[in-house]
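Right, one structure below, let's go through it.
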Amino acid sequence: MSSSSLANLPVRLRRSVLSVPAINPRALAKVPDLDCDVVIFDLEDSVAPEKKGEARENLRRFFADVSDLHGKECVIRINGHDTGFAADDMAAVIACRPDAVLLPKVDGPQDVEQVADLLAEADAPEHLRIWAMMETPLGVLNAAAIARTGRTDGARLDCLVVGLNDLRKATGVPAEPGRTFLVPWLMQVVLAARAFGLDVIDSVSNDFRDIAAFEAECRQGRSMGFDGKMLIHPAQIAPANWNFGPSAEEIADAQAIVEVFADPAAAGLNVVNSGGRMIERLHLEQARRLLTKVRTIQDGKGNSA
Numbered sequence: 033m034s035s036s037s038l039a040n041l042p043v044r045l046r047r048s049v050l051s052v053p054a055i056n057p058r059a060l061a062k063v064p065d066l067d068c069d070v071v072i073f074d075l076e077d078s079v080a081p082e083k084k085g086e087a088r089e090n091l092r093r094f095f096a097d098v099s100d101l102h103g104k105e106c107v108i109r110i111n112g113h114d115t116g117f118a119a120d121d122m123a124a125v126i127a128c129r130p131d132a133v134l135l136p137k138v139d140g141p142q143d144v145e146q147v148a149d150l151l152a153e154a155d156a157p158e159h160l161r162i163w164a165m166m167e168t169p170l171g172v173l174n175a176a177a178i179a180r181t182g183r184t185d186g187a188r189l190d191c192l193v194v195g196l197n198d199l200r201k202a203t204g205v206p207a208e209p210g211r212t213f214l215v216p217w218l219m220q221v222v223l224a225a226r227a228f229g230l231d232v233i234d235s236v237s238n239d240f241r242d243i244a245a246f247e248a249e250c251r252q253g254r255s256m257g258f259d260g261k262m263l264i265h266p267a268q269i270a271p272a273n274w275n276f277g278p279s280a281e282e283i284a285d286a287q288a289i290v291e292v293f294a295d296p297a298a299a300g301l302n303v304v305n306s307g308g309r310m311i312e313r314l315h316l317e318q319a320r321r322l323l324t325k326v327r328t329i330q331d332g333k334g335n336s337a
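Going by our numbering, the letters in the sequence shown line up with residues 33 to 337, in that order.
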């Protein structure tokens, strides 16, 4: 995807993506007051089979009763189509109308296209998007083909989310500090997302009590190009927001780039020499997007189109 196409995509804050079990009413009640950018209401792994129906009803009540989530993006994670629960889950999604539906264990483009067709048949609003969990060996191998579906006619795919627990289980790679042998797969998903203009979210860190280890993963994920991190506990929200948020240096640099191109002398130029540094217009687009995120953070809102 070209930089000009990227400039037309909505600017979203997805630094902190908290998973909340839909079966837990107490956890749901706390959601409006949390400072995360995104909430994933989970109907899948955190809900026992015999509790799926109750969890769906919890979500229907939650979306009917809660009117102000302070700008948080709301995502519902459904069960896979081979579980027997997906049809009822999708009915709940269409009734609740969150910002997105998160598909588990996506193996290929057909998994995304099938749900996109269901949403179209149900006349779901265009703003109800699709996110895809990249947590199977086949899914990682097909990452580019999956991401490409986000740029096709009628596409709804906006974001890829890495799920390392299932990927570790399927491959036998142990959970070790530094994620050394997982990095190539993580980078493959990042590259696929960026090739087609999607956001991409790093996997959970399982020990929410070890904030130092969590922050180390955040810094690593940020360096690899992830937009944010999936979380399992509210204690992880502030560190994720800090580590995936723009630094003071990045903000100052973005402001300087905008100022350079605002100079009438730069009119019509694609490349500008600023103090011995060559700055291209693609840097201007990146700078504007970063500053939009900064304004969104300062306004205390989760997202900005």
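Even for Gly, the Cβ is constructed at its ideal location relative to N, Cα and C.
For residue j and residue i, the rounded distance between their alpha carbons
i, j, result
"residue 38", "residue 227", "Confidence is the limiting factor: at residue 38 the pLDDT is only 46, short of 50, which leaves the residue's position unreliable, though a coordinate-based value still follows. Their Cα atoms are separated by approximately 10 Å."
"residue 144", "residue 154", "16 Å"
"residue 55", "residue 313", "48 Å"
"residue 83", "residue 75", "9 Å"
"residue 67", "residue 194", "22 Å"
"residue 50", "residue 316", "31 Å"
"residue 137", "residue 59", "25 Å"
"residue 207", "residue 95", "36 Å"
"residue 261", "residue 231", "11 Å"
"residue 320", "residue 274", "20 Å"
"residue 257", "residue 222", "7 Å"
"residue 211", "residue 110", "27 Å"
"residue 301", "residue 307", "16 Å"
"residue 201", "residue 251", "24 Å"
"residue 213", "residue 168", "15 Å"
"residue 245", "residue 209", "8 Å"
"residue 164", "residue 176", "12 Å"
"residue 48", "residue 294", "33 Å"
Beta-ladder partner(s) of residue i, from DSSP
i, result
"residue 164", "135, 192"
"residue 260", "233"
"residue 72", "51, 107"
"residue 310", "305"
DSSP three-state assignment for residue i, whether helix, strand or coil
i, result
"residue 45", "coil"
"residue 208", "coil"
"residue 60", "helix"
"residue 82", "helix"
"residue 104", "coil"
"residue 231", "strand"
"residue 50", "strand"
"residue 96", "helix"
"residue 238", "coil"
"residue 35", "With a pLDDT of 38 at residue 35, under the threshold of 50, the predicted position of this residue should be treated as unreliable, though the coordinate-derived value follows. In the structure shown, residue 35 sits in a helix (DSSP, three-state: H, G or I)."
"residue 305", "strand"
"residue 65", "helix"
"residue 281", "helix"
"residue 253", "helix"
Supposed close pair residue i, residue j - CB separation, criterion 8 Å
i, j, result
"residue 225", "residue 186", "Between residue 186 and residue 225 the Cβ distance is about 20 Å, and since that is not below 8 Å, they are no contact."
"residue 135", "residue 147", "6 Å"
"residue 53", "residue 78", "4 Å"
"residue 264", "residue 240", "6 Å"
"residue 71", "residue 107", "7 Å"
"residue 91", "residue 73", "6 Å"
Endpoints, the alpha helix (DSSP H) within which residue i is located
i, result
"residue 327", "313 to 331"
"residue 180", "175 to 180"
Neighbour flag for residue i against chain D, beta carbons, 7 Å
i, result
"residue 115", "In the displayed structure, chain D is absent; only one protein chain is listed."
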